[in-house]
């Protein structure tokens with residue numbers, strides 16, 4: 257179900273961009289734990305950029321209300 261998140265993390269790792277889920281840093285080594293964290297919840301992806309507009313972090317935040 258969340259294979260796309262693991263794919264995002266993998267792509268980000270290749271270029272040195274950290275990925276956080278609810279403020280916690282994750283890597284592809286954490287795939288099993290990450291699946292448990294994200295199971296049955298909705299998340300919004302956002303990109304954090306630096307002053308030059310380069311992506312410097314990707315965040316996934318738990319959505320509790322629509």
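In the numbering used here, the protein residues as written are 257 to 322. Even glycine gets a Cβ: it sits at the ideal position worked out from N, Cα and C.
Span of the beta strand (DSSP E) around residue i
i: residue 276; result: 275-277
For residue i, the three-state DSSP class (helix, strand or coil)
i: residue 318; result: strand
i: residue 295; result: coil
i: residue 304; result: strand
i: residue 261; result: helix
C-beta atoms of residue i and residue j nearer than 9 angstroms
i: residue 321; j: residue 276; result: no
i: residue 271; j: residue 282; result: no
When the options are compared against residue i, the one with the closest alpha-carbon
i: residue 286; options: 270, 266, 317 and 311; result: 266
Residues that DSSP places opposite residue i in a beta bridge
i: residue 289; result: None; residue 289 has no bridge partner.
i: residue 280; result: 277
i: residue 313; result: 304
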